[in-house]
Every structure is written in C-alpha cells, then in structure tokens.
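Numbered per the working numbering, the sequence shown finishes at 212, counting up by one with no gaps.
Have a look at the structure below before the remarks.
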Amino acid sequence: MDLLKPLIALLAIVNPLGVVPFFIHFTQNFSPEQRRRTIRISAFTAFVVIATSALAGLKIIEFFGISIASFQVGGGLLLMLSAVAMLNAQPAETKPTDVSEGNERVDAGASIAVVPLTIPLLTGPATISTMVIYAERTRHWWQLAVLVGYGVVVGVATFLAFSASERIARWLGRTGINVMTRLMGLILAALAVEIMAEGLLKLFPVLASPLT
C-alpha cells in the first residue's frame, strides 16, 4: 500500500488552513484561556475521529454487510463532492448550517471545539470514509499503526494552524486561504476518481476488459 496517499488525502480533506476563518469567527470573543482550551480539544478530537475510523471503521461496515467495493464507490463519490466544495473555496466538510449552528452555541455559552469546529468542519463523513478505505488496504499491523499516526499528524497540524490563526490570516489573507483550499480540492478530486475507479472495477470486472 502506498502510505503517502492517505496522508495527502487527509491533509486535503481536513485542511486546517481552510477552517482558520471559522475558528477566528467563533472564538473572537473568547479569552486567551478559552481559545487555548478550544484549540487543544479540537486537535485531540480530530485525532480521535481519524484513529477510531482507521481501527474500527472496517469492522463497522462489515457488521452491516457492506462490501468494501461498494464503500469505495460511495466514499469516492463523497470525496468528489467534498473536492467540488473545496474548488469553490469552502472547507470539505462544511454545510450551510454549520456557521449558524456554531454561532448559536457560542451565544449559548456552549463549547464549539467538538461541534461544529472539529465535527463536521474539520472531520466528517469524507474523512471517515477515507480512513476506512485505506485501512482495508493495510496488510500488516505497522501499516495500520501508520494510519493512526497520521491522526497525530493531523491533530498537530490543527493545533499549529489554530494557534497561529491570527498570523495566518494576516500573511495569507482570505485570497491566499482560498487558493490553498482550491489546490487541495484539485488533489482530492484526483484521489476520489482513483478510489471510485478501483471500487467500480471490483463491482464490474468487465470494465477492466480491453475493448475489441
């Protein structure tokens, strides 16, 4: 298994830089201690979602009797939809209601670290699908451990991006963040096509037959 592809896919989907504007918006009235706590919880939750998906996701879909080929096609389609959203300069997992939901939680004094900041803005169905698909390709325990380790990488990337959110916003600006998001979306679209193609070939082997 190519161990670099899942890391590229994860960083493209999670894309902490693309979520920085949301983090700044939700935490603008937070004290420094509240902001630091939100950063820690978000980073840890992102790791937990990724690690759990890698370790238990495959068992869950097997429990429901879903074939990995079907999951690859469905997951690949979900990744493609996320890629299209990113090409429109939106975070991969964002829905129109996420910002309003976050504002309501802030107004009510509730924590936004887990919902909606980490789930679904950072991690969501596309992230979970990606980890399950690549976990199925592992053949040794150390390969699965690497996937879990990528959860640590994403958690650290989230921690660093949110900690430096003000500086990132000043350096890149909204235009720079949009360009980065679109670039990640293009990479994710290519990976989505690859995953869907692999699933379709398993479901319909005739597609691999040469045309005569």
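The C-beta atom is built at its ideal place from N, Cα and C for all residues, glycine as well.
Quantities reported herein were computed from a predicted structural model and do not represent experimental measurements.
Quick check on this structure: which residue in F44, M86, L17 has the alpha carbon closest to the alpha carbon of L190? As written in the sequence, residue 190 is Ala, which differs from the Leu given in the question. Ranking the options by Cα distance to A190, first place goes to M86.
Output yes or no for whether 8 Å exceeds the beta carbon distance between T123 and A46. For the pair T123 and A46, the CB atoms are nearer than the 8 Å cut-off.
Determine whether the beta carbon atoms of T158 and A54 lie at a separation below 8 Å. Not in contact: T158 and A54 (Cβ atoms no closer than 8 Å).
Flag this pair as yes or no: are the beta carbons of S70 and L203 separated by less than 8 Å? S70 places its beta carbon less than 8 Å from that of L203.
Assign P210 to one of three DSSP states: helix, strand, or coil. Assigned with DSSP and collapsed to three states, P210 falls in coil, not helix or strand.
The alpha helix (DSSP H) that contains M1, what's its start and end? That residue, M1, is in no alpha helix (DSSP H); it is neither H nor E in DSSP.
Just confirm the distance between the C-beta atoms of L17 and I168, as a whole number of angstroms; I'd bet it's less than 8 Å. So it is a contact: roughly 7 Å between Cβ atoms.
Please say whether L121 and V19 have beta carbons closer to each other than 8 Å? A distance below 8 Å separates the beta carbons of V19 and L121.
M1 versus L207 - alpha carbon distance: Inter-residue distance for M1 and L207 is about 23 Å (C-alpha atoms, whole angstroms).
DSSP state of G109, grouped into three classes? Per-residue confidence for G109 stands at a pLDDT of 48, beneath the threshold of 50, marking its modelled position as unreliable; no derived number is given.
Since L147 contacts M131 with CB under 8 Å, what's their CB separation in whole angstroms? With 8 Å as the limit, L147 and M131 qualify as a contact, their Cβ atoms being about 7 Å apart.
Taking the Cβ atom as the reference point for each residue, do A51 and L188 lie within a distance shorter than 8 Å? No, these two residues do not count as a Cβ contact at 8 Å.
Label L4 either buried or exposed according to how many other C-beta atoms from any shown protein chain fall within 10 Å of its C-beta, with 16 as the threshold for buried. Only exposed fits L4, as fewer than 16 other CB atoms lie within 10 angstroms of its CB.
Can you say whether V14 is buried or exposed, counting buried as having 16 or more other CB atoms within 10 angstroms of its CB? Around the beta-carbon of V14, 16 or more other beta-carbon atoms lie within 10 Å, marking it buried.
Residue nearest to F162 in terms of C-alpha spacing, selected from L78, L11, R36: Distances from the alpha-carbon of F162 to those of L78, L11, R36 put R36 closest.
Going along the chain, which unbroken runs of the alpha helix (DSSP H) with 4 or more residues stay wholly within the region 115 to 144? Within the region 115 to 144, the complete alpha helix (DSSP H) runs of at least 4 residues fall at 125 to 136.
Counting C-beta neighbours from all protein chains within 10 Å, is the total for V179 16 or more, i.e. buried, or is it exposed? By the 10 Å Cβ count, V179 comes out exposed.
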